[in-house]
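Novice: Be aware that the first sequence starts at 39, since it is given in my numbering, and climbs by one per residue.
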Amino acid sequence: MPLIEGRSAVKLLPQEHIRLVETAIRSAQSSGALTAFDLPATIEIRPPKNPAQGDYACAVAMQLARTTGMNPFDLANTIAAHLPPADFVGAVEVLKPGFINFRLNENWLRVQIEQIISEGDALYQLHLGDGQRAQVEFVSANPTGPLHVGRSRGAMVGDTIARILEAAGYSVEREYYFNNAGVQMTNLGNSLRVRYLEALGMPVQIPAEDDTTFYQGDYLKDFARDLAAERGDSLTEADWQPFKEYAEKRMFEIIKTTLRRVNVQHNIFFNENSLYESGAVWQTLDALKDSGHIYQAAEWDGATEAEKQKAAGKAPATWFRSSALGDEKDRVLVKSDGAPTYTLPDIAYHMNKINRGFDLLVNILGADHGAQYKVVQYGVNALGKDASKIHVVIIQLVRAVRDGKEVKMSTRRGDYDTLDDLIDLTSADVVRYMLLARSPDSHLNFDLDLAVKQSNDNPVYYIQNAHVRCAGILREAESRGLTDADADLTLLGAAEGRFLRKALELGEVIAISAQGLEPHRIAFYAHELAGVFHPIYDEVRALHGDVAPEVQRARLRFYRAAQVVFKRVLMLMGMSAPERM
RNA sequence: GCCCCCGUAGCUCAGGGGAUAGAGCAGCGGUCUUCUAAACCGUUGGCCGGGGGUUCGAAUCCCUCCGGGGGCGCCA
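Here's what the structure looks like:
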């Protein structure tokens, strides 16, 4: 994803500082203080860990020491001497090896309170993706059962990525891709049929637990009871099909309702079957044939002896020569019985997405599907389209832990933990945060005991309480007839400055999260921000009796801005921003 | 065997090549006469899995080994 220069009413401070440094280097060069050389491709500016080293630090002098032949300390001083003035800069200091350390202008910092309040819910609405359309495809579970904890992680990550891309300026669509054909759905229909006959009191044999073709979940008994009530015994002679259709309809209602509980709503539900109805699947195959990537054979060209033996006597299948494009082996697109594998419609689906004109495609996949996307990319490339705009986020698996032991989750057996169960046990906000606050690359242990038992000192409440506290002060102020209008913000102290410094990092957090498709950064940032806030809330009292009225007004203004920041951050994570708890 | 992810405090996890590696929980010791306890203050705790390399500088990049998870189907 290209990072176009961000614009925002509230400044993206790292970029602003980089601009100053670049200007300084160029003007030092034109004045002869520095020799001519190309600017480094990237100049790093970020808040140092140690606050004594300033608000933003730049290590460019060390980067340039070799190319200029100067020692970094002298180089840093030369650059610093040529820095143009800027309203947000308070002081510049050059330290030890060659760091240029910037300190924000204190008055400028405090005045940002007005900017923050005026931007409100659109705080740090960036323009990195302006004019571009993005699509995030996520969840995409087939309607064979309720969403379980494992799937839920992708739901939270996908929706939050969508929110972050929106904040970065993209126009975003959320899509759910599903398949309502295939063996699993047939099994679902057959399973409901058995339950239906059972509900009518007819003699049936319930398949054993280890029967992998039978869905044991209790929800099918509910469906069966309702179906028996609606249709009586009119379906006793029917095959699996009407049962599958009924089960699918009910299942989707449940899935959508569950997702809505955690603030997830898709714009489009894309049925794989439509790719067959439109002819897209076979057109895709024809196009691949025309481009010379297809052959008919019983086994693939590079088959081992073992594979050859396995394939012996099989009718020819249709192969995609993906190994020529970098794949480990070729892939079957059409089985010997004439039916396509999932790979062919998957390629057709992604061609469909690209042809819909999206500039950025994001695909959220579980690690168990991690190998599949490469084949799709080979397919898209083979058809002459640019697969690089498809970005795949692989989510590592969630392991549910209860009593210190792993809880196995199986949709078929029915003893899994559903997302609904989890929401009932905790809350939508807790579930969203816990599934979000981890790098997608990291395996996630979801401790079910902890999620319930310790919900009272959960980070979720820590963050939300910051918003609640701001709301509480402003509510109390209003009831006392106090106003924060026309506040003299220069009356605010160092503690408020600490919060504002942190608050002004939000834009950069959004930019980096969007660029790297890393929504967990927002979750960690939110917690850090609350960690800066709470001590200040303790220390800086607005409505206390001995606070002078004009100071009081400034502090109320500060808490109003703080509330805006917390609300914005909570909304980015799809969480609620409560006024009271 | 091959491919992907992970290995950082007792536990769960952050850390986009930079300065003395962080947070939460757990542990220990304190704080509610206040708009303020789902909160605050103090404190204990690390050969960043091992070994090489690149770099002025490595938890971060490269190689290798060890350990854990996932994937390697004419299933989806």
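Glycine included, C-beta positions come from ideal geometry on N, C-alpha and C.
1. Who are the near neighbours of Leu273 in its chain, counting only those whose CB is closer than 7 Å to its CB and skipping five residues on each side?
2. DSSP three-state call for Arg451: helix, strand or coil?
3. Excluding five sequence neighbours on each side, which residues of the same chain lie with their C-beta closer than 7 Å to the C-beta of Trp278?
4. Report the rounded CA-to-CA distance for Pro86 versus Pro52, giving the unit in angstroms.
5. Along the chain, where does the beta strand (DSSP E) containing Gln53 start, and where does it finish?
6. Just mark Gln502 as buried or exposed, buried being the case when its beta carbon has 16 or more other beta carbons within 10 Å.
7. Grab the span of the beta strand (DSSP E) containing Arg141 for me, first residue to last.
8. Identify, in the order they occur along the chain, each residue of the same chain with its Cβ nearer than 6 Å to the Cβ of Ala118, setting aside the five sequence neighbours on each side.
9. Whole angstroms are fine: how far does the CA of Leu113 sit from the CA of Ile433?
10. How would you call Val221, buried or exposed, if buried means at least 16 neighbouring beta carbons within 10 angstroms?
11. Is the Cβ-Cβ distance between Leu474 and Arg437 less than 9 Å?
12. Who does Val431 pair with in a DSSP beta bridge?
13. Would you mind stating whether Ala99 and Pro89 have Cβ atoms separated by less than 9 Å?
14. Tell me whether Met389 is buried or exposed, calling it buried when 16 or more other Cβ atoms sit within 10 Å of its Cβ.
15. Find the nearest neighbour of Glu543 within the set Glu514, Leu488, Asn145, Gln150, judged by alpha-carbon distance.
16. What's the call for Glu514, buried or exposed, on a 16-neighbour Cβ count within 10 Å?
17. Determine whether the beta carbon atoms of Val210 and Ala172 lie at a separation below 9 Å.
18. Considering Cα atoms alone, identify which of Arg591, Leu435, His565 is closest to Gly408.
19. Buried or exposed, going by whether 16 or more other CB atoms sit within 10 Å of the CB of Ser316?
20. When you compare each of Pro135, Ile548, Ser329 to Arg606 by their alpha carbons, which one comes out closest?
21. Hey, how far is the Cα of Glu310 from the Cα of Lys49?
22. Are the Cβ atoms of Asp58 and Arg539 separated by less than 9 Å?
23. Is the number of C-beta pairs between the segment 239 to 249 and the segment 194 to 214 that are closer than 8 Å three or more?
24. Cβ atoms of Phe126 and Ala95: under 9 Å apart, would you say?
25. For the candidate residues Asp256, Ala580, Glu247, whose alpha-carbon lies nearest to that of Ala237?
26. DSSP on Thr456, reduced to helix/strand/coil?
27. Using a 10 Å radius around the Cβ and a threshold of 16 neighbouring Cβ atoms, would you call Lys291 buried or exposed?
28. Starting from Asp485, follow its DSSP beta bridges and name the residues at the other end.
29. DSSP on Arg606, reduced to helix/strand/coil?
30. Taking 9 Å as the threshold (C-beta atoms), are Leu457 and Leu265 in contact?
31. Rank Ala344, Ile332, Ala386 by C-alpha distance to the C-alpha of Leu363 and give the top, closest one.
32. Could you check what DSSP says for Ala350 in three-state terms: helix, strand or coil?
33. What do you reckon, are the CB atoms on Leu121 and Thr80 nearer than 9 Å?
34. For a quick check, are the C-beta atoms of Val400 and Val431 less than 9 Å apart?
35. What separation, rounded to the nearest whole angstrom, lies between the Cα atoms of Phe562 and Asp271?
36. I'd like the span of the beta strand (DSSP E) that includes Arg579, first residue to last.
Specialist: Let me spell this out:
1. Tyr234, Pro280
2. Only weak support is given to the placement of Arg451: the predicted model assigns it a pLDDT of 49, under 50, and the question is left unresolved by the model.
3. Scanning its chain for C-beta atoms nearer than 7 Å, with the 5 sequence neighbours on each side dropped, one finds around Trp278 the residues Thr224, Gly227, Asn228, Arg231, in chain order.
4. 12 Å
5. Careful: Gln53 lies outside any beta strand (DSSP E), inside the alpha helix (DSSP H) at 51 to 68.
6. buried
7. 137 to 142
8. Val130, Val132, Ile138
9. Straight-line Cα distance between these residues: approximately 44 Å.
10. By the neighbour-count rule (16 or more Cβ atoms within 10 Å), Val221 is not buried but exposed.
11. no
12. Ile402
13. no
14. buried
15. Gln150
16. exposed
17. yes
18. Nearest C-alpha to Gly408: Leu435.
19. It counts as exposed.
20. Ile548
21. 44 Å
22. Note on identity: in this sequence residue 58 is Leu, with Asp being the wrong assignment. Leu58 is not a Cβ neighbour of Arg539, given a cutoff of 9 Å.
23. no
24. Result no, Cβ atoms of Ala95 and Phe126 do not sit closer than 9 Å.
25. It is Asp256.
26. Three-state DSSP puts Thr456 in a strand.
27. Sequence inspection shows Glu at residue 291; the Lys mentioned does not correspond to that position. Per the 10 Å Cβ criterion, exposed.
28. By DSSP's assignment, Asp485 forms a beta bridge with Val439.
29. helix
30. no
31. Ile332
32. Coil, per DSSP.
33. no
34. The answer is yes: Cβ separation under 9 Å.
35. Note on geometry: alpha-carbon atoms of Phe562 and Asp271 lie some 56 Å from one another.
36. Arg579 -> no beta strand (DSSP E), and no H or E assigned at all.
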